[in-house]
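Asks: Just so it is clear: in the sequence shown, position 88 is 336 by the working numbering, and no numbers are missing.
One structure, as structure tokens, below. Some questions next.
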Amino acid sequence: MLETYLLLESIVKTYEEIVLETKILKLPSGEASKLRIELVDGSLADVWISVSGKYSYHWNRLLIDGTIYRYDNAPHKPWAYVATFPHHFHNGKDKAVIESDMDSKPDIQMKKFMDFMRETLLKSI
Numbered sequence: 249m250l251e252t253y254l255l256l257e258s259i260v261k262t263y264e265e266i267v268l269e270t271k272i273l274k275l276p277s278g279e280a281s282k283l284r285i286e287l288v289d290g291s292l293a294d295v296w297i298s299v300s301g302k303y304s305y306h307w308n309r310l311l312i313d314g315t316i317y318r319y320d321n322a323p324h325k326p327w328a329y330v331a332t333f334p335h336h337f338h339n340g341k342d343k344a345v346i347e348s349d350m351d352s353k354p355d356i357q358m359k360k361f362m363d364f365m366r367e368t369l370l371k372s373i
């Protein structure tokens, strides 16, 4: 998974206008566990990908404006009504779940997530 996280980190670094720092977090075993992104507004985003294809692109802005945004494919039963289930998007609040148009390829997922964060941040300036 380290190779995947290194690829994603290289994509993130091309968004220098919104990214302050990136770090690949590791488990005690040394295995890469997620990519952490620190953004210019002080918020954090965490990206987690599994070998089996599960993913979570989570942007925590709770301390900034009370929002969270997350693309993920965890098959939580409350979101079974979403047409793209298990793929879904938490749109500002944990329980505000809508359909997700997230691609299946991590590099395309990363670009989509970064584009979303850049667009959202630039609107707030």
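Think of the CB as a built atom: it goes at the ideal place given N, C-alpha and C, for glycine as much as any other residue.
1) Are the CB atoms of Leu287 and Leu268 within a distance shorter than 8 Å?
2) Return yes when the Cβ of Met358 is within less than 8 Å of the Cβ of Leu256, no when it is not.
3) Alpha carbon to alpha carbon, how far is Leu311 from Leu250?
4) Rounded to a whole number of angstroms, what is the C-alpha to C-alpha distance between Tyr319 and Gly278?
5) Excluding the 5 residues flanking Tyr305 on each side, which residues of the same chain have their C-beta closer than 6 Å to its C-beta?
6) Considering just the uninterrupted stretch of the alpha helix (DSSP H) at Lys359, what are its terminal residues?
7) Would DSSP call Val329 helix, strand or coil?
8) What three-state label does DSSP hand Leu275 in the structure shown?
9) Determine the extent of the beta strand (DSSP E) in which Thr252 is found, giving its start and end residues.
Replies: From the atom records:
1) In contact: Leu268 and Leu287 (Cβ atoms closer than 8 Å).
2) yes
3) Between the alpha carbons of Leu311 and Leu250 lies a distance of about 30 Å.
4) 26 Å
5) Val295, Tyr319, Phe361
6) 354 to 371
7) Looking at the sequence itself, residue 329 is Tyr, so the reference to Val does not match. Reduced to three states, the DSSP call for Tyr329 is coil.
8) coil
9) Counting along the chain, Thr252 falls outside any beta strand (DSSP E), though it belongs to the alpha helix (DSSP H) covering 250 to 260.
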